[in-house]
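Trainee:
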Amino acid sequence: MKYTLWIVQLLLAVLFLGAGVTKASTPIADLAAQMPWAVEAPWMARVSGWAEVAGALGLVLPSLTRIQPRLTPLAAVCLAVVMALAVLLHVSRGEFPQVVPPLVIGALSLVVAPRLTMKVVIPPRGTPNASA
Numbered sequence: 001m002k003y004t005l006w007i008v009q010l011l012l013a014v015l016f017l018g019a020g021v022t023k024a025s026t027p028i029a030d031l032a033a034q035m036p037w038a039v040e041a042p043w044m045a046r047v048s049g050w051a052e053v054a055g056a057l058g059l060v061l062p063s064l065t066r067i068q069p070r071l072t073p074l075a076a077v078c079l080a081v082v083m084a085l086a087v088l089l090h091v092s093r094g095e096f097p098q099v100v101p102p103l104v105i106g107a108l109s110l111v112v113a114p115r116l117t118m119k120v121v122i123p124p125r126g127t128p129n130a131s132a
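Under my numbering, the residue at position 101 of the sequence shown is numbered 101, and the numbers go up by one with no gaps.
#1: Report yes if the CB atom of A45 is closer than 8 Å to the CB atom of I67, and no otherwise.
#2: Note down, in chain order, each residue of its chain lying with its Cβ closer than 7 Å to the Cβ of L10, except the 5 sequence neighbours on either side.
#3: At which residue ranges does the stretch 26 to 80 contain complete alpha helix (DSSP H) runs of 4 or more residues, listed in the order of the chain?
#4: So, at 6 Å on beta carbons, what are the nonlocal neighbours of G106 in its own chain, with the 5 sequence-adjacent residues on each side left out?
#5: Take the Cβ of E52 as the centre, count every other Cβ of all protein chains shown within 10 Å, and call the residue buried at 16 or more, exposed below.
#6: Using beta-carbon positions only, say whether A41 and L31 come within less than 8 Å of one another.
#7: For R115, which of helix, strand or coil comes out of DSSP?
#8: To the nearest angstrom, how far is the alpha carbon of L86 from that of T65?
#9: Going by Cα to Cα distance, which pick from K23, P62, A56 is closest to V47?
#10: Might you give, ordered along the chain, the residues of its own chain that have their beta carbon closer than 7 Å to the beta carbon of R125, omitting 5 neighbours on each side?
#11: Please confirm whether G55 and C78 have their CB atoms less than 8 Å apart.
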């Protein structure tokens, strides 16, 4: 189960990092070709992009470095909130086919979050090894 969680965390992190960097750094005119709503709310594209980058880092770095690993499930929940907002955006615009990806990715983030809190995958730094 531990390896499955790491694989899902890494896949989600790569996905969010790619999407976030794209939204945060691509010129709005170019971004609008893929995301028409970006022209109407360019600030939203930038904010969601940076939130996705931060969430992607939060999915991996706390557990990887063993510094505050409890932040990893929090990052997963926050990314699920970002995806819920994306669903609401697409529904409000009548873009129903675009609802499916954020719905699935958000659900996957919510599935991972409680698993990370129920089972201590990575102990924080300074915690003595339980098997010692």
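Using N, Cα and C, we set each Cβ at its ideal position, and we do this for glycine too. Computed from a predicted structure; not experimentally measured.
Mentor: In short:
#1: Locating residue 45 in the sequence shown gives position 45, counting from the first residue. Locating residue 67 in the sequence shown gives position 67, counting from the first residue. Contact flag unset, no.
#2: Within the sequence shown, the letter at position 10 stands for residue 10. V60, listed in sequence order.
#3: 28 to 31, 37 to 40, 42 to 65
#4: The residue given as residue 106 occupies position 106 in the sequence shown. Counting only Cβ-Cβ distances below 6 Å, and skipping sequence neighbours, we find A80, M83, A84.
#5: As a position in the sequence shown, residue 52 is number 52, starting the count at 1. Classification of E52: buried, given that the 10 Å Cβ count is 16 or more.
#6: To locate residue 41, count along the sequence shown from 1; it is residue 41. To locate residue 31, count along the sequence shown from 1; it is residue 31. Going by C-beta atoms, A41 is not nearer than 8 Å to L31.
#7: Taking the first residue of the sequence shown as position 1, residue 115 is located at position 115. The answer is helix: DSSP assigns R115 an H, G or I state.
#8: Position 86 of the sequence shown, counted from the start, is the residue given in the question as residue 86. Position 65 of the sequence shown, counted from the start, is the residue given in the question as residue 65. Sequence check: residue 86 is Ala here, not Leu. Cα-Cα distance, rounded: 30 Å.
#9: As a working note, residue 47 is residue 47 in the sequence shown. With distances taken between Cα atoms, V47 lies closest to K23.
#10: As a position in the sequence shown, residue 125 is number 125, starting the count at 1. The residues are R66, I67.
#11: As a first step, residue 55 is located in the sequence shown; it is residue number 55 there, counting from the start. As a first step, residue 78 is located in the sequence shown; it is residue number 78 there, counting from the start. Closer than 8 Å, so yes.
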